[in-house]
Amino acid sequence: MKKLLITTAFAMVALTGAADAKMYKIGISNTVQGNGWREEMVCAMKAQALASGEVESLNIAHRNTDAAGQLEDIRNLIQAGVDAIVVNPANADGINAAIKEATDKGIVVVAVDQAVTEPSAYILSNNQEQYAYLGAKWLFETMGGKGAVVYMRGAAGAGADNDRDKGFKRAMAEFPDVTVAQEVFTGWQQDQGKQQINDIIASGAKFDGVWTSGIDNVIVDAFVESGAPLVPIVGADNAGFVGQLTSVEGLKGAAVTNPGSVGGAGVALALQILNGKAPAEKTVLVDPVVWDNTSDAGKALLAGAANPSLSPEWPVSVSIPGWTTYSMDQVIACKGPGE
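Residue numbering for the sequence shown follows numbering that gives the first Met the number 0, starting at 0 and increasing by one per position.
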């Protein structure tokens, strides 16, 4: 298993757009709409396909569905004759049958953001367990090693949520005086997460910190709008939350990097494999970094990463050095080949 930091470039074979390069058809399967992280992921896929100069067309299945629906989508992509499929899986093993059908036909399959258990697939994912562990550890330390935390998870059953739960519980094992006040599943939906924290605040429940699975800026909004006392909050490197960490008076918080641009990296990996340069290891993990607003180093990282021109729900880490080659303008334009 290869690991890399988002801030560190590493060697890979450059993908060229030479006129004589073979052109490929790439399929994309995503099961969550209405989520800024996923929208950036899809835009990064489009931008990388365009920037590579090697993609003739994209066939995108982008809708709210479950593993059964994704099985159907992947089989439709197989029938469409794509050369590779880049997929954000609904769960770790629910789409294995369709992945195997694809790879048996010589179609390259790359799972991004979350792992799958089908061994014929390649995986390029953010290290979800470490994401949760680092953020939770920072939170528990900031709480003084004791107290109660609101645990705001993602989507029940999703591989990334399961991995993050492992990381969160690993951190809790190191802090026996920290308890969970309430545990909720946000579904990675902003409106749902905000309503949940508003309900918790209104209930009068006592808590000393909030860990979120990336639904973060609206959690801060809920505290500010309700006038409730701020507590330390952990979220992701989404533009809105990163901005709040440098502007909301009295807020202690930390953003843990979780780039949606892993989607573009997945397209780059698929092209690398199609060009006969498959990596020696089938799993590549992008390791997260903590940007807190309580240390000088963290404040500097937040200031350097802030990008108010992005949608508040988009991660500010819009590229992954060594993998993605598109420009900021290209990913924001969200246009693929032929669009």
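No residue lacks a Cβ here, since even glycine has one placed at the ideal position from N, Cα and C.
Coil, strand or helix - residue i by DSSP
i	result
Phe184	strand
Met142	coil
Gly26	strand
Ile73	helix
Ile122	strand
Ile196	helix
Ala204	coil
Trp322	coil
Trp313	coil
Gly337	coil
Ala110	strand
Thr178	strand
Ala83	strand
Ala147	strand
Val266	helix
Val359	The structure shown has nothing for residue 359, since the chain only spans 0 to 338.
Val31	coil
Val115	coil
Residue i burial status per 10 Å Cβ neighbour count (16 or more: buried)
i	result
Ala96	exposed
Asp112	buried
Pro228	exposed
Thr141	buried
Lys45	buried
Met327	exposed
Ser212	buried
Asp190	exposed
Met22	exposed
Leu14	Low local confidence applies: a pLDDT of 40 at Leu14 is under 50, so the model's placement there is unreliable, and no value is given.
Gly259	buried
Thr178	exposed
Gly35	buried
Ser28	buried
Gln32	exposed
Lys193	buried
Gly249	exposed
Glu173	exposed
Gly262	buried
Lys104	exposed
Ala302	exposed
Lys136	buried
Asp160	buried
Backbone CA spacing between residue i and residue j [nearest angstrom]
i	j	result
Leu309	Gly134	23 angstroms
Ala10	Ile73	At Ala10, the pLDDT of 36 sits below 50, so the modelled position is not reliable; the number obtained from the coordinates is stated separately. Going from the Cα of Ala10 to the Cα of Ile73 covers about 31 angstroms.
Ala332	Ala147	42 angstroms
Ile342	Val315	A question about residue 342 goes unanswered here, because the residues of the chain that appear run from 0 up to 338.
Met40	Phe206	33 angstroms
Leu268	Ala279	12 angstroms
Thr293	Lys251	7 angstroms
Glu55	Ala305	34 angstroms
Lys281	Trp290	29 angstroms
Ile106	Ile77	8 angstroms
Asn216	Val108	34 angstroms
Asp220	Asp176	28 angstroms
Gly80	Arg169	43 angstroms
Asp295	Pro320	25 angstroms
Leu49	Gly275	20 angstroms
Asp198	Ile25	43 angstroms
Pro336	Val86	18 angstroms
Val223	Met171	28 angstroms
Tyr325	Ala204	46 angstroms
Asp286	Tyr130	8 angstroms
Residue i versus the options, residue with shortest Cα-Cα distance
i	options	result
Thr30	Glu53, Gln129, Arg62	Arg62
Pro311	Leu49, Tyr150, Val177, Gln243	Gln243
Ala277	Val285, Gly265, Val288	Gly265
Gly143	Ile27, Pro231, Gly35	Pro231
Ile214	Gly262, Gly239, Val108	Gly239
Asp92	Gln329, Thr116, Thr102	Thr116
Gln47	Gln271, Ala66, Ala159, Ala235	Gln271
Phe184	Ala204, Asp236, Trp210	Trp210
Arg351	Tyr132, Gly186, Gln188, Trp137	For residue 351 there is no data in the structure shown, the boundaries of the chain being 0 and 338.
Gly236	Thr256, Glu71, Gly226	It is Asp, not Gly, that sits at residue 236 in the sequence shown. If we check each option's Cα against that of Asp236, Thr256 comes out closest.
Lys145	Pro118, Ala180, Lys165	Ala180
Val283	Pro307, Met151, Ala154, Asn125	Asn125
Endpoints, the beta strand (DSSP E) within which residue i is located
i	result
Ala235	232–235
Leu300	Here Leu300 belongs to no beta strand (DSSP E); instead the alpha helix (DSSP H) covers 295–304.
Asn58	54–61
Asp286	282–286
Gly252	252–255
Asp65	Element bounds for Asp65: n/a, residue is neither H nor E.
Asp291	289–291
Alpha helix (DSSP H) segment containing residue i, residue limits
i	result
Asp164	158–172
Asp103	95–103
Val330	327–332
Gly249	Counting along the chain, Gly249 falls outside any alpha helix (DSSP H), and DSSP gives it neither H nor E.
Asp215	Unbroken run through Asp215: none, as it is neither H nor E.
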